[in-house]
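Below you'll find the structure, written out as C-alpha cells, and then a few comments.
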Amino acid sequence: MSALATLKRRQSRLAYAFVAPAVLLILLIYIGPMIAVVLASLTDYTLISDYWEWVGFDNYIKMFGDAQFGNALRNTAVYAAVFLPCAFVIPLWLAISIQKRKRFRSFFEILYFMPVTSTLTAMALVWSALMDSRQGILNEWLGNIGIGPVNFLGSPEVVLFSLAGISLWAIIGFNMVLFIAGLTAIPRSLYDAARIDGADHPVDEFLRVTWPALAPTSVFVAVTSSITAFKLFDTVAILTQGQPAHASEVFLYLTFLEGFEYFNMGYAAALSVFFLGVIFVFALIQTLMADRAAQ
Amino acid sequence: MSDLTHTPAVSLSDRIMGALSRVTPGRIIVTLLLLLGAWLMVFPFLWMLSSSLKPTSEVFDSDFTLWPKTFAGWQNYYDVLVTQPYLRYLTNSMIVCVGILVVQLATAVPAAYALAKLKFRGSTILLGTVIACLTVPINVTSIPIYLGLVKAGLLDTYLSMMFPFLVSVFAIFLFRQFFRAYPDSIIQAARVDGFTEIEIVLRLILPAAVPAAAAFSVFSFVSHWNDLYWPLIVVQSQEKMTATLSMMQYRSTFDINYGRTFAAATVVTVPMLLVFLFARRAFVRGITMSGVKG
C-alpha cells in the first residue's frame, strides 16, 4: 500500500516537472499579457511619454464614437460579406467534384493547395502586378472581352473586392482539404441506404446524405473562415496600407496602426480587447453549433 | 508503360470504350471548370517565375510570354542572392522557425504526456487553460508582449522574434489527444518491467508520436515562415529581417527593377513550396488535424 502511495507521489512530482516549462511560458505569453491588455485598455498609456493615468472606460467610449473604428468595422463587414460565401461554396463544390475522381485527384489537390503554403506577402506583390490598372494582365484579359480597365487596388469601390479575391485564392485549397477530409469520413453505407430509399439523383444524394453528415466540418470551416476574414492583415499591410481614402482600412490593420504606428497603447489595447470579444463569440457559436451538429 | 505491354490489346480497347461511355456533357463541363480553376491557382506562380527571368522592360510587356524573349534570369538571381542580402534574410527566417519549433516540441511533448497519462492536482485547470488559449491569437496579446520586450531591451533580437510562439497550446492539445489513444496496458507493463517514467516517454511515447510531430512541425514551420505581423512589430534592422518581412520593402513603390523584384519574391516563396511538395501528406494531415479539434 505504501509502495503504491510512493509511486503516486513520485508520479505527480514528475508530472509537475513535465508541465512546468509549458506552464511558465503560458503564464508569460498568454495569461500575463491578457490581464495586462485589459488593464492597459483602462489607461491613456502611450509609448512616447512615461506619464499615464487610469481613465476608466474612456477608451471604450471613444472607440464606439470613433469614425475610424466605425469605418474599419464596415470595411471588414463588406470584405467578409464578399469573402465568406465564396470561401465556403467554392471549396465545397471542388471537394465534391474532386473527391469522386480516381485519376487526377491528387493532381487537382496539389494545384489547388499550392497557394495555401505559399508566402502570401510575396504572392501579394505578384497579385498587385497582375492587378495593375494600366499594364496588369488581368486588365488585358478583361479588355479582350470588352470590360475595364478596372483600378483593382486604387479605387475605393473596388479595393475590398480585390483583397477578397486574393484571400480567396489563398484559402480555397485549405477549406477544400477540410471538406475532402469530412467527405472521406462519411460511411458508404449511408449512400447505399439513401439509394434504396430512392435518392438516386446527385442533388438528392447531396441534400439527404452529404449535407447533414458534413455538418460538423461545415461549422468548422464557417467559423475558422470568419475568424480569418476578421484577421485580414498581410495583404492590406503590403498592398494598400488602408488606402485609398481609408477604403481598405480593416479592423486589425487599424488596431496595428493605433498601437504600433501612433503608439496609442491604451486605445489600441481597448481595440484588442474588443477583438478578443469577437473571437470568443465565434468560438462560442462554434461550440454551440458543433453540439447541435453532433446530435 | 510496362502495364500496357503486359495487357492484351482487346482489354485496352475495352478500357478505352468503358472510359468513353462514362464521358457525359456534365462531366466534361465539371472537368473544364476544374482545369480553369487550377489554372487560376497556378498562374500567379508561373507569372512570378517567368517575370523573375525577364529584364525590367519585358515584365509588363503587353504580349505576355511564359519564356522570356531576353533571358535575364542569371543577372536577376545573382543580384538577389549575392548583391542583395537575401541569403541573410533566408537564414534569419530559418533560425527563427527552427528555434520556435524546437522549443515548442520540447515544451509540448512532456506537458501533453503528463496531461494524457499522469495524475496530478491541477491537471483539469491546466487543460482548460490550454483549450481557452487555443482561441487567443497573437494580435490580442501583441501590445503587452511588445511593451515587455521594449522594457527588457530585447527588441530586434532573435529571442523577441521567437518569444510569443515558444509555447504552442495547439501542440499541447494535439499531442495530448494523440497520447490518450496510446494503450495504458503497454505503459503499465513497461512500469512493471522497471522502466522509469522518462524512459517510457523517450522509448515508447516519442517513437509513437512521430507522425503527429511531423505533421505539427510542417504546420508550425510554414506558419512562422509566412508570418508578417510579428516580425513587422519587433524587427528594426536589416540584420534581423526575415524573408517574409523583406517583401515590405517593395510596398506600394516597387524596386525599379521588376525582374529583380520577382526574383526576390520567388526566392522567398520557393522554400515553403518545396516543403509542401515533399511533405504533402504530413502537411495535409497537419491541416486536417487542426480541423478535427472542432
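Chains as they are written, first to last, in the numbering used here: chain B, 166 to 460; chain X, 1431 to 1724. Built from N, CA and C at the ideal position, the CB exists for glycine as well.
*Would the beta-carbon of B:I336 fall within 8 Å of that of B:T282?*
no
*What does B:V443 touch in chain X if you count any residue whose Cβ is under 8 Å from its own?*
The contacting residues do not exist; B:V443 stays about 10 Å from chain X at best.
*With 16 other CB atoms within 10 Å as the buried threshold, where does B:I226 fall?*
exposed
*Determine contact between the stretch 1689-1704 of chain X and the stretch 1479-1494 of chain X, defined as no fewer than three beta-carbon pairs at a distance below 8 Å.*
yes
*Thinking C-alpha only, which one of B:L207, B:F326, B:F344 is nearest B:Q264?*
B:F344
*Between X:V1664 and B:A187, which are expected to be in contact by the criterion C-beta below 8 Å, what is the C-beta distance as a whole number of angstroms?*
Not quite, the Cβ-Cβ distance comes to about 23 Å (not below 8 Å), so this is no contact.
*Compute the distance between the beta-carbons of B:S413 and B:L325, then report whether it is under 8 Å.*
yes
_Can you give me the C-alpha to C-alpha distance between X:M1592 and B:F253, rounded to a whole angstrom?_
33 Å
_Residues of chain B with CB closer than 9 Å to the CB of X:E1488, please, in chain order._
Simply none; closest approach about 12 Å.
*Taking Cβ positions, are B:G338 and B:F278 nearer each other than 8 Å?*
yes
_Contact list for the stretch 1634-1652 of chain X against chain B, Cβ threshold 7 Å_ = V1652
*Please decide whether X:W1655 counts as near chain B, where near means a Cβ-Cβ distance under 8 Å.*
yes
*Determine the direct distance from the alpha carbon of X:A1645 to that of X:V1714, and round the result to whole angstroms.*
8 Å
*Does the distance from the CB of X:V1570 to the CB of B:L441 come in under 8 Å?*
yes
*Flag this pair as yes or no: are the beta carbons of X:M1678 and B:T284 separated by less than 8 Å?*
no
*Taking a Cβ distance cut-off of 9 Å, strictly less, list which residues of the stretch 376-401 of chain B are near chain X, in chain order.*
P381, T382, V384, F385, V386, V388, T389, I392, K396, F398, D399
*Endpoints, the alpha helix (DSSP H) within which X:G1689 is located*: 1688-1708
*Which residues bound the alpha helix (DSSP H) around X:S1667?*
Note, X:S1667: premise wrong, no alpha helix (DSSP H); not H, not E.
_Looking at the strands, I want to know which residues DSSP matches up with B:T208._
B:W219
*Terminal residues of the continuous alpha helix (DSSP H) containing X:S1653?*
1636-1655
*Segment contact flag, the stretch 1527-1535 of chain X with the stretch 1635-1652 of chain X, C-beta cutoff 8 Å, min 3 pairs*: yes
*Listing by chain order, which chain X residues have their CB less than 9 Å from the CB of B:Y427?*
Within chain X, no residue comes near B:Y427; the closest Cβ sits about 12 Å away, beyond 9 Å.
*Could you check what DSSP says for B:Q408 in three-state terms: helix, strand or coil?*
coil
*Relative to the C-alpha of X:F1490, which residue among B:A201, B:L207, B:Q233, B:M296 is closest?*
B:M296
*Contacts that X:F1706 makes with chain B (C-beta to C-beta distance below 9 Å)*: I275, F278, M279, V281, T282, S283
*From the DSSP output, in three-state form, read off X:R1457 for me.*
helix
*Taking buried to mean at least 16 other C-beta atoms within 10 Å of its own C-beta, is B:Q451 buried or exposed?*
buried
*Report the option in X:E1627, X:A1712, X:Y1612 whose CA atom is closest to the CA atom of X:A1643.*
X:A1712
*Could you please tell me which residues of the stretch 281-315 of chain B, in chain order, have their CB closer than 9 Å to any CB of chain X?*
V281, T282, S283, T284, L285, T286, A287, M288, A289, L290, V291, W292, S293, A294, L295, D297, R299, Q300, G301, I302, E305
*In chain order, which alpha helix (DSSP H) runs of at least 4 residues are fully inside the stretch 1511-1557 of chain X?*
1516-1547
*Determine the DSSP secondary structure at B:M288, reduced to helix, strand or coil.*
helix
*Measure the beta-carbon distance from X:S1676 to X:Y1519 and round it to whole angstroms, keeping in mind my assumption that it falls under 8 Å.*
5 Å
_DSSP three-state label for B:F269, please._
coil
_Same chain, Cβ closer than 7 Å to B:S327, neighbours up to 5 away in sequence not counted_ = M296, F317, L318
*Reference X:A1638; option with closest CA among X:D1614, X:I1458, X:N1522, X:F1608*: X:F1608
*Work out the CA separation of X:S1487 and X:V1722 for me, nearest whole Å.*
Note that X:V1722 has pLDDT 45, beneath the 50 cutoff, so the model's placement of it is unreliable and the number below is only indicative. Looking at the two C-alpha atoms, the distance is approximately 49 Å.
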